[in-house]
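Taken in order, these protein sequences are the chains called A and B.
First residue of the first sequence: 1, per this note's numbering; consecutive thereafter.
First residue of the second sequence: 235, per this note's numbering; consecutive thereafter.
Note that CB positions come from ideal geometry on N, CA and C, so glycine has one too.
Remarks on the structure that follows.
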Amino acid sequence: MLELKGVCTYYGNIQALWDVNLTINQGEIVTLVGANGAGKSTTLMSICGAAALRRGEILFEGQPIHTMRPDKIVRLGISQVPEGRLIFPDMTVQENLDLGAYLRRDTRNIARDQEMIFDMFPILAKRRTQAGGTLSGGEQQMLAISRALMAKPRLLLLDEPSLGLAPIIIRQIFDIIRQVNKEGMTVFLVEQNANQALRVANRGYVMETGRITLSGPSDELMANPEVRKAYLGV
Amino acid sequence: MADIDWHYFLELLVSGVTKGCIYALIALGYTMVYGIIELINFAHGEVYMLGAFTGLIVAGVLGVMGFPETGILLIGGVVAVIYCSAYGFTVEKIAYKPLRNATRLSPLISAIGMSIFLQNYVRIAQTQDFLRYPNLIPDFAFLEPISDILRPSGFVIIVTSSLVMAVLTLFIKYTRLGKAMRATAQNRKMAMLLGIDSDRIISATFIIGSALAAVGGVLIASHTQQINFNIGFLAGIKAFTAAVLGGIGSIPGAMLGGIVLGCCESFAAGYLSSDYEDMFAFAILILILIFRPSGLLGKAKVQKV
Numbered sequence: 001m002l003e004l005k006g007v008c009t010y011y012g013n014i015q016a017l018w019d020v021n022l023t024i025n026q027g028e029i030v031t032l033v034g035a036n037g038a039g040k041s042t043t044l045m046s047i048c049g050a051a052a053l054r055r056g057e058i059l060f061e062g063q064p065i066h067t068m069r070p071d072k073i074v075r076l077g078i079s080q081v082p083e084g085r086l087i088f089p090d091m092t093v094q095e096n097l098d099l100g101a102y103l104r105r106d107t108r109n110i111a112r113d114q115e116m117i118f119d120m121f122p123i124l125a126k127r128r129t130q131a132g133g134t135l136s137g138g139e140q141q142m143l144a145i146s147r148a149l150m151a152k153p154r155l156l157l158l159d160e161p162s163l164g165l166a167p168i169i170i171r172q173i174f175d176i177i178r179q180v181n182k183e184g185m186t187v188f189l190v191e192q193n194a195n196q197a198l199r200v201a202n203r204g205y206v207m208e209t210g211r212i213t214l215s216g217p218s219d220e221l222m223a224n225p226e227v228r229k230a231y232l233g234v
Numbered sequence: 235m236a237d238i239d240w241h242y243f244l245e246l247l248v249s250g251v252t253k254g255c256i257y258a259l260i261a262l263g264y265t266m267v268y269g270i271i272e273l274i275n276f277a278h279g280e281v282y283m284l285g286a287f288t289g290l291i292v293a294g295v296l297g298v299m300g301f302p303e304t305g306i307l308l309i310g311g312v313v314a315v316i317y318c319s320a321y322g323f324t325v326e327k328i329a330y331k332p333l334r335n336a337t338r339l340s341p342l343i344s345a346i347g348m349s350i351f352l353q354n355y356v357r358i359a360q361t362q363d364f365l366r367y368p369n370l371i372p373d374f375a376f377l378e379p380i381s382d383i384l385r386p387s388g389f390v391i392i393v394t395s396s397l398v399m400a401v402l403t404l405f406i407k408y409t410r411l412g413k414a415m416r417a418t419a420q421n422r423k424m425a426m427l428l429g430i431d432s433d434r435i436i437s438a439t440f441i442i443g444s445a446l447a448a449v450g451g452v453l454i455a456s457h458t459q460q461i462n463f464n465i466g467f468l469a470g471i472k473a474f475t476a477a478v479l480g481g482i483g484s485i486p487g488a489m490l491g492g493i494v495l496g497c498c499e500s501f502a503a504g505y506l507s508s509d510y511e512d513m514f515a516f517a518i519l520i521l522i523l524i525f526r527p528s529g530l531l532g533k534a535k536v537q538k539v
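Here you go:
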């Protein structure tokens, strides 16, 4: 479904990604784990068209998307829950959700999807008229995920959804990831929390200083001594 | 202190609010553009001047054709709005868009250049003398009893601006484009990730801001009944002051800032001396910048690390 081929991305003159190759198949949960600053978020921003590639290409269903504008890429069915959630702080929960569905015109289905989201996260229904900036960290993460889901993407990109959250909230968020995947959404999950991420994912990639160093099925990675030592703290 | 002359006070208040409405209309353009791309569009005052000129030209043509006055005012207003929107759109494309990724000083200098260009273009294409503007506003019978306080043109200015500002507020709050504009102002990158085309939002902001300035231009010209190529400069700087006073980036702030500035000026001129009118406006600008840089309704920006 998504394929990165030899992707090199720079910030100014600093190279952040080195020849990154990565494949995500329809229906999978794929994770990209790595330490802080390894280039995981840059990978997501490259996919979304928010960071320009110097070399390489990105194909979505066979179609090159690395030269497209970010809004066109969203239109194709790729949504991102960015690191730090980036909730619109002065807009209400409802308005944040409305903006998630910005590109959609099917009013009736939008209302239905929103009901589904309120079923998943009842707290958001309660907070509906509250400004996004007044929500707690966990609630903001739920809102960020919901906002991305409102776009009804086929590929959902998640950047560190567990960052800074209480374990009980993390569990809830990972349950939702499993659930939307079961309903047919392909998920690409970027995490520092390798333990959680590999447990939910089918396959994983390990990134170090802008390069993919390891890849394989999750259980294989979890059994790999290097991964265990570096990321699982065993 | 002796008796307060309430009549005089009211007169000053009404004239302050009238002027303030015009400042508010122009200030909205400054504040909206700043909210989206953090640029002070110094060419904005010129768009207001162009609005006044467009109104005058339309009035000239239609006047010869024998249109009724109210009709001329309405058509002049509509033409000015369309014409100035096109100007706002074009100015952004020519002077600011190529500098989107440049340092912040570059578009600012470009804005000043654009302002000088537009002024001199009108000076050459039209004239540098003051032009008389026809009185297009009818005498309303119901204003007769208070005619020494509120002139018909003042009445039209206050009513029209209030209406325009109410519509703008509803537009920003409820429409899809309005929400996208707010989202882009709050976090452009995130707005982009949701599929909002920021170039389109920026264009829309310039178009709306310019349309508001055009309304202000046509209204003020009918009020003062004379215009020249230079009226945009002072009005622009004062509206900028109003935007800063209200909190740059805040839409209700620009409205409030305009009215407050207009009243301050009017009272200063009425109770102290009219020589100090302009000085007073800029004294306010300096005081605000020193003591409350975030303005009346603006929020102090927290620089997150």
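- A residue is called buried when at least 16 other Cβ atoms come within 10 angstroms of its Cβ; A:Arg-85 meets this threshold and is buried.
- Taking the beta carbon of A:Ala-51 as reference, no residue of chain B falls within 9 Å; the closest one sits roughly 11 Å away.
- Judged by DSSP in its simplified three-state form, B:Glu-326 adopts helix.
- B:Ile-461 is bridged by DSSP to B:Leu-365.
- Distance between A:Glu-139 and A:Glu-160, taken at the CA atoms: about 15 Å.
- Around A:Asn-36, the same chain offers Gln-192 as residues with beta carbons nearer than 8 Å, after the five sequence neighbours per side are excluded.
- In the structure shown, the three-state DSSP call for A:Ile-24 is strand.
- In the structure shown, A:Leu-86 falls within a coil segment according to DSSP collapsed to helix, strand and coil.
- Within the same chain, Gln-196 and Val-200 come within 7 Å of A:Phe-174 by CB-CB distance, once the 5 residues on both sides are set aside.
- Not flagged as an interface residue toward chain B: A:Val-187, since no C-beta distance is shorter than 9 Å.
- A contact between stretches requires three or more CB pairs, one per stretch, nearer than 8 Å, and the region 410 to 424 of chain B meets this requirement with the region 90 to 104 of chain A.
- The beta carbon of A:Leu-214 sits closer than 6 Å to those of Val-206, all from its chain and outside the five residues before and after it, given in chain order.
- Residue contact with chain B for A:Tyr-231: absent (no Cβ-Cβ distance below 9 Å to any residue of chain B).
- The beta carbon of B:Gln-420 sits closer than 9 Å to some beta carbon of chain A.
- Of the residues assessed, B:His-241 falls on the exposed side of the cut-off, its CB having fewer than 16 other CB atoms within 10 angstroms.
- The three-state secondary structure of A:Ser-79, taken from DSSP, is strand.
- Close CB contacts of A:Gly-34 within its chain, under the 7 Å cut and outside five residues either way in sequence, are with Lys-40, Val-206, Met-207 and Glu-208 (chain order).
- Contact between B:Ser-444 and B:Tyr-321 is confirmed by a C-beta separation of about 6 Å, below the 8 Å threshold.
- In the structure shown, A:Phe-188 adopts extended strand secondary structure according to DSSP, grouped into three states.
- In this structure, the CA atom of A:Gln-172 is about 59 Å from the CA atom of B:Phe-351.
- When secondary structure is reduced to three states using DSSP, A:Leu-165 falls in the coil class, being assigned neither helix nor strand.
- Counted as a single uninterrupted DSSP element, the beta strand (DSSP E) harbouring A:Ser-215 occupies residues 211 to 217.
- Taking a 10 Å sphere around the C-beta of A:Pro-217, we find fewer than 16 other C-beta atoms and assign the residue as exposed.
- Residue contact check for A:Arg-69 against chain B: a CB pair falls below 9 Å.
- With 16 or more other Cβ atoms inside 10 Å of its own Cβ, B:Ser-344 counts as buried.
- Taking 9 Å as the CB threshold, A:Arg-154 stays off the interface with chain B.
- Closest by C-alpha distance to B:Ala-488, out of B:Tyr-264, B:Ser-381, B:Gly-250 and B:Gly-347, is B:Tyr-264.
- Within chain A, the C-beta atoms nearer than 7 Å to that of B:Lys-413 come from Glu-95, Asp-98 and Leu-99, in chain order.
- Annotation: A:Val-20 to A:Leu-53 spans about 11 Å, alpha carbon to alpha carbon.
- Spatial neighbours of A:Gly-137 in its own chain (CB-CB distance under 7 Å, excluding positions within 5 residues in sequence) are listed in chain order as Gly-164 and Leu-165.
- The beta-carbon of B:Arg-410 is placed less than 9 Å from the nearest beta-carbon of chain A.
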